[in-house]
Amino acid sequence: MTANVQKPREFTGRHMLVIILAFFGVVIAVNLTMATLASTSWTGLV
96 MTANVQKPRE FTGRHMLVII LAFFGVVIAV NLTMATLAST SWTGLV
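In terms of this note's numbering, the sequence shown opens at residue 96 and continues consecutively.
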């Protein structure tokens, strides 16, 4: 019987790129959502 040993996956630059793009994608999506909600809920009266 042989043990099926897998070596750990390397953390590459492509992984970091995906993480950074996902992070900024979430930030931009939340900013756009909040800006849309703010502009549609403000009546202009002070």
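For each residue, glycine too, the CB sits at the ideal point set by N, CA and C.
- In its own chain, leaving out the 5 sequence neighbours on each side, no residue places its CB closer than 7 Å to the CB of Ala98.
- For Ala133, the enclosing alpha helix (DSSP H) covers residues 108-136.
- Thr131 and Val100 have their C-alpha atoms spaced approximately 51 Å apart.
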